[in-house]
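In this note's numbering, each number is its position in the sequence shown, counted from 1, plus 351.
We put the beta carbon where it would ideally sit given N, CA and C, even for glycine.
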Amino acid sequence: GRLDNRVVDLEVREKSFPSFEIIAGSSVEEVDINLKDMLPGLFQGKTKTRRLKVPEALEYLTQEEEQKLIDMDSVARTAVERVEQAGIIFIDEIDKIAGREGGHGPDVSREGVQRDILPIVEGTTVNTKYGMVRTDHILFIAAGAFHVAKPSDLIPELQGRFPIRVELHPLGKEEFVRILTEPRSALVKQYTALMDTEGIDLTFTDDAICRIADFATIVNERTENIGARRLHTVMEKLLDEISFEGPDLLEKTVTIDDAYVTKMLSEIVKNEDLSRYIL
Numbered sequence: 352g353r354l355d356n357r358v359v360d361l362e363v364r365e366k367s368f369p370s371f372e373i374i375a376g377s378s379v380e381e382v383d384i385n386l387k388d389m390l391p392g393l394f395q396g397k398t399k400t401r402r403l404k405v406p407e408a409l410e411y412l413t414q415e416e417e418q419k420l421i422d423m424d425s426v427a428r429t430a431v432e433r434v435e436q437a438g439i440i441f442i443d444e445i446d447k448i449a450g451r452e453g454g455h456g457p458d459v460s461r462e463g464v465q466r467d468i469l470p471i472v473e474g475t476t477v478n479t480k481y482g483m484v485r486t487d488h489i490l491f492i493a494a495g496a497f498h499v500a501k502p503s504d505l506i507p508e509l510q511g512r513f514p515i516r517v518e519l520h521p522l523g524k525e526e527f528v529r530i531l532t533e534p535r536s537a538l539v540k541q542y543t544a545l546m547d548t549e550g551i552d553l554t555f556t557d558d559a560i561c562r563i564a565d566f567a568t569i570v571n572e573r574t575e576n577i578g579a580r581r582l583h584t585v586m587e588k589l590l591d592e593i594s595f596e597g598p599d600l601l602e603k604t605v606t607i608d609d610a611y612v613t614k615m616l617s618e619i620v621k622n623e624d625l626s627r628y629i630l
């Protein structure tokens, strides 16, 4: 404890390594050549001298020694085994690669992407930097909005690999209220913390949160339904004046209630053209 304030010079190794990969072949099973693995003596990392306090230096040295105790080859083997036996791959926005039958231009390239994905979903061996990985027992889950395309627009072979289909209900007011309040990094908490950096104590009443969720639901129903993303634009429009004038406000305690939300958003929500381009 008596030496905690003493500063020492320590040789610190930079953690960033240049990595070069040469990928040959256009098939799914590609060949990767990692020059860093072939020439380990070439990329040992540079060191630089840093002045650290004793507790910081002790923490760094402890981490360095802990890294030496880890068998990274064993870690990689275990990781590959777990991926092969209990891995889950989630493919989002799969509707973006669905093209109509007999299409031209972009539709042709979308079909090519589907055919590249197909062997991985069916089960194959993929070459990774950690070794060969079999995808036979990996669970694949795909999701998409399918506002324009339909699941039937995917190639038949890929449709057959996703036999279980579930249609989700659109998010409503109740879900928006939960999204605004329950997550650790909920939007309400983010804006409260953001305004706190300007010395402003920002609070939201329960009625205000319900009104925000109500307006977001209305805009989604009248225009394109973009789900919870709508909350970002609604919150930004609601608080733009406070965010801009925050440092100059004389009253440092601001309460967002139902009346304030209605005042700031009701006219925009009523005008479908405005809500389409602003919210």
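Sequence-distant residues of its chain with Cβ nearer than 7 Å to residue i (five each side left out)
i, result
"residue 582", "527, 530, 531, 538, 567"
"residue 542", "553, 586, 590"
"residue 603", "550, 551, 552"
"residue 505", "449, 465"
"residue 561", "528"
"residue 436", "488"
With 16 other Cβ atoms within 10 Å as the buried cut-off, status of residue i
i, result
"residue 445", "buried"
"residue 433", "exposed"
"residue 517", "exposed"
"residue 467", "exposed"
"residue 559", "buried"
Distance, residue j Cα to residue i Cα
i, j, result
"residue 625", "residue 618", "9 Å"
"residue 439", "residue 493", "11 Å"
"residue 449", "residue 500", "6 Å"
"residue 419", "residue 592", "54 Å"
"residue 424", "residue 431", "11 Å"
"residue 502", "residue 609", "41 Å"
"residue 548", "residue 597", "10 Å"
"residue 612", "residue 605", "13 Å"
"residue 374", "residue 480", "Any reading at residue 374 is ruled out, since the residue's pLDDT is 42, under 50, leaving its predicted position unreliable."
"residue 413", "residue 407", "10 Å"
"residue 417", "residue 410", "11 Å"
"residue 365", "residue 461", "41 Å"
"residue 360", "residue 398", "12 Å"
"residue 427", "residue 491", "22 Å"
"residue 616", "residue 550", "25 Å"
"residue 569", "residue 508", "39 Å"
"residue 429", "residue 415", "22 Å"
"residue 555", "residue 607", "5 Å"
"residue 521", "residue 400", "56 Å"
"residue 575", "residue 447", "16 Å"
"residue 595", "residue 629", "17 Å"
"residue 510", "residue 599", "58 Å"
"residue 627", "residue 580", "14 Å"
Residues of its chain near residue i, where Cβ-Cβ distance is below 6 Å and the 5 sequence neighbours each way are ignored
i, result
"residue 476", "483, 485"
"residue 623", "573"
"residue 487", "474"
"residue 442", "493"
8 Å Cβ cutoff, residue i in contact with chain C
i, result
"residue 467", "Looking at the structure shown, chain C is missing, and only one protein chain is on hand."
Span of the alpha helix (DSSP H), counted from its first residue to its last, around residue i
i, result
"residue 570", "557-573"
"residue 544", "538-547"
"residue 590", "580-596"
"residue 397", "Premise fails: residue 397 is in no alpha helix (DSSP H) and is neither H nor E."
"residue 501", "Where residue 501 is concerned, there is no enclosing alpha helix (DSSP H), given that its DSSP letter is neither H nor E."
"residue 419", "405-420"
Boundaries (first-last residue) of the beta strand (DSSP E) holding residue i
i, result
"residue 527", "No beta strand (DSSP E) contains residue 527, which is instead part of the alpha helix (DSSP H) from 524-532."
"residue 441", "439-442"
"residue 607", "604-607"
"residue 479", "476-479"
"residue 360", "358-364"
"residue 492", "490-493"
"residue 486", "First-last for residue 486: undefined, no H or E at that position."
Same chain, Cβ closer than 8 Å to residue i, five either side skipped, listed in chain order
i, result
"residue 355", "404, 405, 406"
Presumed contact (8 Å Cβ cut-off) between residue i and residue j, rounded CB distance
i, j, result
"residue 363", "residue 402", "Not confirmed; about 10 Å, so no contact."
"residue 524", "residue 565", "6 Å"
"residue 464", "residue 512", "Actually they do not touch by this definition, with Cβ atoms about 15 Å apart."
"residue 571", "residue 577", "7 Å"
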